[in-house]
Amino acid sequence: MVMTFFKPLDRKLIRDLMRMWAQALAIAMVVAAGVAMYIMSEGMLRSLGDTRDAYYERYGFADVFAPLKRAPNSAVVRIENIPGVRRAEGRISKVATLDMPGIREPAQEKILSYPDKDHPAINRLYLTEGRWFRPGARDEVLISEAFAMAHGLKPRDKVTALINGRKRDFEIAGIVLSPEFIYALAPGAMFPDDLRFAVMWMPRSMLAAIFNMEGAFNEIVLHMEPGANRDQVIAKVDEVLDPYGGIGALGRDRQISHWYLSGEMEQLENMGRVAPPIFFAVAMFLLNMAVSRWVELERSEIGLLKAFGYSTRAVALHYVKFVMVITAVGYLMGAIAGTWLGRGLAVMYQEFFHFPFLYFSMHGDMYVIAASISFAAALIGTWHAVRTAADLSPAVAMAPQPPTSYRRSKNDRWIKKALGPTRMILRHTFRWPVRSGLTCIGISMGVALLISAMFFQDATETLIETQFTMIERQDATVSFIEPKPQRVVENVASMPGVMVAEPYRYVPATLRFGSNERRMFIRGIVQGATLNRLLDRDLKAVDVPKKGVALSTKLAEILGAGLGDVIEVDVREGRKPTLLLPVTMISEVYIASPAYMDLKTLNRALLEGDNTSGVHVMLDEAYADDFYAMLKDTPSVAQVSVKETMLQAFRNTLEENINIMNFFNTIFAVVIAVGVVYNAGRISLSERARELASLRVLGFTRNEVSYILLGELGLLTLVALPIGVVIGVALAWLWTLSLDTDLYRIPLVISSATFGYSISVVLAAAVGTAIITQRQIAHLDLVASLKTRE
Amino acid sequence: MNKTSPERAISTIPTLEARGVSKVYQTGALEVTALGGVDLSLFEGELVVFLGPSGSGKSTLLNILGGLDRPSAGAVYFRGDELTQFDDHALTLYRRDHVGFVFQFYNLVASLTARENVDLVTEIAINPMSSDDALGVVGLSHRMDHFPAELSGGEQQRVAIARAIAKQPDILMCDEPTGALDIKTGITVLQAIEQTNRELGTTTAIITHNATVANMADRVILLADGHIIEVIENSSRKRPEELSW
Ligand SMILES: Nc1ncnc2c1ncn2[C@@H]1O[C@H](COP(=O)(O)OP(=O)(O)OP(=O)(O)O)[C@@H](O)[C@H]1O
Ligand SMILES: [Mg+2]
Numbered sequence: 008m009v010m011t012f013f014k015p016l017d018r019k020l021i022r023d024l025m026r027m028w029a030q031a032l033a034i035a036m037v038v039a040a041g042v043a044m045y046i047m048s049e050g051m052l053r054s055l056g057d058t059r060d061a062y063y064e065r066y067g068f069a070d071v072f073a074p075l076k077r078a079p080n081s082a083v084v085r086i087e088n089i090p091g092v093r094r095a096e097g098r099i100s101k102v103a104t105l106d107m108p109g110i111r112e113p114a115q116e117k118i119l120s121y122p123d124k125d126h127p128a129i130n131r132l133y134l135t136e137g138r139w140f141r142p143g144a145r146d147e148v149l150i151s152e153a154f155a156m157a158h159g160l161k162p163r164d165k166v167t168a169l170i171n172g173r174k175r176d177f178e179i180a181g182i183v184l185s186p187e188f189i190y191a192l193a194p195g196a197m198f199p200d201d202l203r204f205a206v207m208w209m210p211r212s213m214l215a216a217i218f219n220m221e222g223a224f225n226e227i228v229l230h231m232e233p234g235a236n237r238d239q240v241i242a243k244v245d246e247v248l249d250p251y252g253g254i255g256a257l258g259r260d261r262q263i264s265h266w267y268l269s270g271e272m273e274q275l276e277n278m279g280r281v282a283p284p285i286f287f288a289v290a291m292f293l294l295n296m297a298v299s300r301w302v303e304l305e306r307s308e309i310g311l312l313k314a315f316g317y318s319t320r321a322v323a324l325h326y327v328k329f330v331m332v333i334t335a336v337g338y339l340m341g342a343i344a345g346t347w348l349g350r351g352l353a354v355m356y357q358e359f360f361h362f363p364f365l366y367f368s369m370h371g372d373m374y375v376i377a378a379s380i381s382f383a384a385a386l387i388g389t390w391h392a393v394r395t396a397a398d399l400s401p402a403v404a405m406a407p408q409p410p411t412s413y414r415r416s417k418n419d420r421w422i423k424k425a426l427g428p429t430r431m432i433l434r435h436t437f438r439w440p441v442r443s444g445l446t447c448i449g450i451s452m453g454v455a456l457l458i459s460a461m462f463f464q465d466a467t468e469t470l471i472e473t474q475f476t477m478i479e480r481q482d483a484t485v486s487f488i489e490p491k492p493q494r495v496v497e498n499v500a501s502m503p504g505v506m507v508a509e510p511y512r513y514v515p516a517t518l519r520f521g522s523n524e525r526r527m528f529i530r531g532i533v534q535g536a537t538l539n540r541l542l543d544r545d546l547k548a549v550d551v552p553k554k555g556v557a558l559s560t561k562l563a564e565i566l567g568a569g570l571g572d573v574i575e576v577d578v579r580e581g582r583k584p585t586l587l588l589p590v591t592m593i594s595e596v597y598i599a600s601p602a603y604m605d606l607k608t609l610n611r612a613l614l615e616g617d618n619t620s621g622v623h624v625m626l627d628e629a630y631a632d633d634f635y636a637m638l639k640d641t642p643s644v645a646q647v648s649v650k651e652t653m654l655q656a657f658r659n660t661l662e663e664n665i666n667i668m669n670f671f672n673t674i675f676a677v678v679i680a681v682g683v684v685y686n687a688g689r690i691s692l693s694e695r696a697r698e699l700a701s702l703r704v705l706g707f708t709r710n711e712v713s714y715i716l717l718g719e720l721g722l723l724t725l726v727a728l729p730i731g732v733v734i735g736v737a738l739a740w741l742w743t744l745s746l747d748t749d750l751y752r753i754p755l756v757i758s759s760a761t762f763g764y765s766i767s768v769v770l771a772a773a774v775g776t777a778i779i780t781q782r783q784i785a786h787l788d789l790v791a792s793l794k795t796r797e
Numbered sequence: 146m147n148k149t150s151p152e153r154a155i156s157t158i159p160t161l162e163a164r165g166v167s168k169v170y171q172t173g174a175l176e177v178t179a180l181g182g183v184d185l186s187l188f189e190g191e192l193v194v195f196l197g198p199s200g201s202g203k204s205t206l207l208n209i210l211g212g213l214d215r216p217s218a219g220a221v222y223f224r225g226d227e228l229t230q231f232d233d234h235a236l237t238l239y240r241r242d243h244v245g246f247v248f249q250f251y252n253l254v255a256s257l258t259a260r261e262n263v264d265l266v267t268e269i270a271i272n273p274m275s276s277d278d279a280l281g282v283v284g285l286s287h288r289m290d291h292f293p294a295e296l297s298g299g300e301q302q303r304v305a306i307a308r309a310i311a312k313q314p315d316i317l318m319c320d321e322p323t324g325a326l327d328i329k330t331g332i333t334v335l336q337a338i339e340q341t342n343r344e345l346g347t348t349t350a351i352i353t354h355n356a357t358v359a360n361m362a363d364r365v366i367l368l369a370d371g372h373i374i375e376v377i378e379n380s381s382r383k384r385p386e387e388l389s390w
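Laid out in structure tokens, this is it:
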């Protein structure tokens with residue numbers, strides 16, 4: 008029965024939809040942008056999370072890692088006997104450098120032992136190409152895929168390593184992936200550099216022979232029993248390993264690859280859990296606004312239907328159907344685009360992280376959530392507007408439109424001063440303060456979203472500028488396998504091309520303040536440093552304090568310590584002293600969260616001579632090749648990091664996470680900004696078509712009439728711009744908070760270009776709308792619009 | 146109920162009764178009294194014409210009697226039930242099941258054709274005639290599939306009348322049904338209304354500015370300034386085709 012009721016109404020619905028298709032599409036696009044954004048990021052995040060977990064599970068990623076100096080194989084049993092430990096394995100872990108023809112400086116490599124035959128239970132490898140070790144084979148290695156790909160290495164290729172003081176050739180048996188090196192990061196490096204960092208696995212017997220480690224190991228990896236307490240296990244492991252030179256076991260959470268991967272996924276998550284809801288909320292707000300304004304337009308039709316005896320519910324249902332169609336189209340476009348983009352992104356990240364497989368986790372509940380919210384927002388807007396219209400008595404609702412009573416408002420005195428058409432604009436704007444206000448907010452949200460999306464570029468450039476030209480001014484950093492006496496610095500300084508050489512020291516330590524603690528490296532810096540400097544909170548270069556410790560802002564925040572507080576520092580190397588140090592400076596750093604001490608003070612506290620972990624150098628580019636070539640033959644060198652490549656690695660990292668998400672943010676922000684402005688203009692036109700046509704009939708020119716309509720849009724846009732800027736800055740600030748992790752933080756810096764661009768996009772949308780609307784005003788059918796009474 | 150009304154040929158049973166009905170519009174500081182306490186009965190099957198200057202409250206009164214609006218004070222009874230006590234739903238049913246309207250401003254749905262505009266009402270009516278027949282009665286069979294914008298003002302008005310009579314209502318309210326029409330079509334339209342009144346016994350109220358139309362009424366009610374100033378009873382009704390203006 009209901010269906011037969013609605014036959015003529017359904018026809019009206021279809022005709023109205025066809026008539027308003029452009030506007031309906033603009034609303035649908037806004038819905039689509041919100042939905043796509045949500046499904047894309049949610050789907051991608053869940054896919055990555057599920058894939059990582061499955062990867063860890065299948066390849067037996069260790070729960071705890073414990074490096075030590077040297078222990079006999081029999082010690083493994085003692086670890087396995089610790090309650091809560093399911094199984095433990097000992098292995099040999101060493102560093103070496105590789106002489107690769109593709110790069111001028113030596114590449115750093117981590118070498119791990121792998122059982123000669125069989126596979127370990129912990130940290131198994133995934134073979135992507137080639138084969139496993141041949142029994143009894145000598146000089147065969149497995150090599151990490153990222154490095155192999157960066158250098159185009161294939162199985163059977165040879166590589167030359169400088170290992171334990173000797174150059175040696177190895178043949179690549181296979182190319183592998185490891186759950187331990189999803190994020191392949193050289194020790195001490197901050198960002199992955201696939202060209203310069205390799206992980207290699209060698210048959211255990213061979214590696215033991217090279218390093219005289221037969222029957223011994225220098226690292227324990229273990230799996231815990233489900234539900235075991237990790238901190239207790241770690242404490243026990245440390246106890247057992249202490250006599251063997253254990254430097255402290257790490258839980259999985261502190262394992263470098265996992266830690267960075269988690270950090271990066273957390274950032275993606277922040278991007279994905281903050282931006283889409285904001286976009287979604289804005290889209291829903293616009294949907295709600297557009298729908299309710301559109302239904303308001305139908306006031307007299309609603310009155311008419313009610314006069315005939317249609318119930319409010321029946322009338323509401325008619326409009327609900329209309330809005331549902333638009334929402335459904337938007338939702339479908341959004342869901343399809345979001346699924347497609349989410350998969351695309353997940354595949355991209357799979358390659359970036361070198362996952363051996365990928366689970367797509369585009370779960371049904373995401374779609375249900377997105378659909379429920381979209382339809383609810385549309386329904387609420389429709390229902391509210393229909394109710395408002397239906398609550399009027401039909402006689403009032405049907406009354407011809409002109410009884411719009413323009414109030415003599417407080418602003419009237421200056422409104423009166425305006426010229427005729429301008430007066431109409433102002434009266435109309437103030438007549439509907441809520442509507443004008445909402446439109447204004449809608450437009451300002453467009454500006455705000457754009458600013459908040461685009462400021463990343465500014466912020467990361469500032470970060471790079473601060474980190475790579477103000478803090479790290481060296482061209483390259485040479486680190487040694489073992490700390491070396493300071494006179495080595497002179498050796499480095501006399502190498503070809505070296506203009507300045509500056510020693511530094513890295514000491515592993517646990518910093519503790521109150522109940523907060525942090526395992527990290529303390530960086531020893533020389534007085535008057537020119538290559539690796541500290542910045543104070545105003546970003547001015549300063550010397551490291553001679554006494555006490557300087558904390559980076561983030562570290563101070565983590566520890567909850569401020570200037571003058573005394574923190575406890577457990578050194579985890581050498582004699583392992585425990586130091587009590589006052590915080591004598593807070594230093595601004597955007598990448599990582601370091602702590603600094605004066606190099607001399609640090610060495611004195613360690614009761615060691617003038618030791619250094621490495622040297623920062625400034626190079627004469629003309630001799631740089633000679634310098635690097637020489638390093639390739641220097642056995643004591645663990646790693647050479649070149650600032651330019653570090654910067655490149657950092658940019659790549661940004662590219663891989665922030666920039667890609669941000670690209671979508673920007674696109675969706677543009678869609679939303681354009682959608683808002685276009686809708687605002689179109690709805691105003693529909694609302695006032697009759698009035699404008701009457702004016703034309705009265706002899707107003709096309710331009711005068713356009714001015715009346717577009718003047719209002721222009722006025723609202725102009726008011727919206729500064730509001731949008733304020734909201735945009737607030738959103739950007741929210742971003743900096745949500746992206747504030749150990750890995751890096753972005754400063755709240757917004758360039759005038761960003762402001763300019765954001766405002767321009769919205770202005771362009773307004774101008775575009777104006778042009779389209781102007782055309783429609785030109786085609787306004789004067790006779791028809793006066794004749795029919797809708 | 147016990148009001149002494151003159152003996153009527155048609156009926157003494159009132160379909161609609163208004164008791165002290167007033168309507169005050171509040172626009173900002175301004176108060177407009179559109180109706181100032183109107184007492185009135187419309188009897189079963191009679192045809193009443195309302196006359197009065199512009200702004201005298203004719204449309205307001207008709208809207209209140211038709212259940213489109215509520216009075217500021219006073220009561221309206223439909224067959225003894227107090228309409229003014231009806232809730233929204235009951236009022237909706239009253240309009241749907243009993244009242245046919247012709248609006249002063251036609252109020253056609255622009256995106257529906259003439260026939261579909263009539264369908265809008267026949268879809269929910271209890272005992273409607275077909276839309277085609279209704280449009281035939283007002284002489285618009287050849288324009289059924291045109292949209293309002295493609296119709297002349299008079300044609301739109303006739304669609305509005307077809308829409309009102311199509312449901313074969315108990316009460317027919319016509320607000321200036323001939324306002325835009327020439328004599329010939331005006332008479333066609335009035336014939337359609339008169340025929341509905343005569344054949345179905347529909348209580349009919351017509352607002353007009355054309356005094357000649359008053360000749361086809363059983364009673365003529367004159368309004369001025371929101372009050373009934375005179376009620377004229379015609380001893381005999383003229384047929385619409387006998388009217389001349
Ligand atoms: N919504 C409203 N707000 C304020 N005043 C109103 C409203 N509707 C009607 N009026 C006023 O009430 C009075 C009666 O109006 P009504 O429409 O009933 O007159 P009418 O007799 O039908 O006139 P016409 O012959 O011109 O149609 C008029 O003075 C009108 O200005
Ligand atoms: Mg009137």
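In order, the protein sequences belong to chains A and B. Under this note's numbering, the residues of the first sequence are numbered 8 to 797, in order. Under this note's numbering, the residues of the second sequence are numbered 146 to 390, in order. Cβ atoms here follow ideal geometry from the backbone N, Cα and C, with glycine treated the same way. Treat the numbers as computed from the prediction; the structure is a model and nothing was measured.
* When a residue counts only if its C-beta is closer than 7 Å to some heavy atom of ligand 2, which residues count, in chain order? -> K203(B), S204(B), Q249(B), D320(B), E321(B), I352(B)
* Does T341(B) come within less than 8 Å of chain A when only Cβ atoms are used? -> no
* To do: With DSSP as the reference, please indicate the residues paired to M318(B) in a beta bridge.
  => F246(B), A350(B)
* How is A73(A) classed by DSSP in three states: helix, strand or coil? -> In this structure, DSSP gives A73(A) an extended state, which the three-state scheme calls strand.
* **Under 9 Å by beta carbon: chain B residues contacting E711(A)** => Simply none; closest approach about 25 Å.
* To do: For F246(B), I'd like the list of residues in its chain whose CB is within less than 7 Å of its CB, leaving aside the five on either flank, ordered along the chain.
  => G211, A309, M318
* Asked: For L175(B), is the classification buried or exposed, using 16 other Cβ atoms within 10 angstroms of its Cβ as the cut-off for buried?
  -> exposed
* Going along chain B, which residues have a C-beta under 7 Å from A402(A)? -> Chain B residues near A402(A): N208, L213, D214.
* **Sequence-distant residues of the same chain with beta carbon closer than 8 Å to V102(A), five excluded per side** => Q115, E116, K117, I118, P194, I488, A645, Q646
* S256(B) CB to nearest heavy atom of ligand 1 below 7 Å -> No, since every heavy atom of ligand 1 falls outside the 7 Å radius drawn around the Cβ of S256(B).
* **Integer-rounded CB distance, given that R364(B) should sit under 8 Å from I377(B)** => 7 Å
* alpha helix (DSSP H) runs wholly inside the segment 633 to 657 of chain A, at least 4 long, in chain order -> none
* Sub-8 Å separation of G50(A) and M373(A) beta-carbons -> yes
* P410(A): buried (16+ other C-beta within 10 angstroms of its C-beta) or exposed? -> Its pLDDT being 39, under 50, P410(A) is placed unreliably in this model, and the value from its coordinates should be taken loosely. Classification of P410(A): exposed, given that the 10 Å Cβ count is below 16.
* Roughly how many angstroms separate the alpha carbons of A82(A) and L229(A), rounded to a whole number? -> 13 Å
* To do: Check each residue of the segment 435 to 464 of chain A: if its Cβ is closer than 7 Å to any Cβ of chain B, include it; give the result in chain order.
  => Of all residues in the segment 435 to 464 of chain A, none has a C-beta nearer than 7 Å to a C-beta of chain B.
* Candidates Y267(A), Q783(A), M668(A), V677(A): which alpha carbon is nearest L716(A)'s? -> Closest in C-alpha terms to L716(A), from the list Y267(A), Q783(A), M668(A), V677(A), comes Q783(A).
* Taking I269(B) as the query, report the chain A residues whose CB atoms sit under 8 Å from its CB, ordered along the chain. => F12, F315, G316, Y317
* Interface residues of chain B around K19(A) at Cβ under 7 Å? -> V254, S256, L257
* What did DSSP end up calling E375(B) once you bin it into helix, strand or coil? -> strand
* Asked: Closer than 8 Å, CB to CB, is L661(A) near chain B or not?
  -> no
* Asked: If you run the structure through DSSP and keep just helix, strand and coil, what is E698(A)?
  -> helix
* In this structure, does DSSP put P502(A) in helix, strand or coil? -> Note on identity: in this sequence residue 502(A) is Met, with Pro being the wrong assignment. M502(A): coil per DSSP, three-state reduction.
* Using the beta-carbon count (16 or more within 10 Å), is R415(A) buried or exposed? -> Here the model assigns R415(A) a pLDDT of 48, short of 50, so the residue's position is not dependable, and the following value carries that caveat. With fewer than 16 other Cβ atoms inside 10 Å of its own Cβ, R415(A) counts as exposed.
* So which of L367(B), D184(B), L296(B) has the shortest CA-CA distance to A255(B)? -> L296(B)
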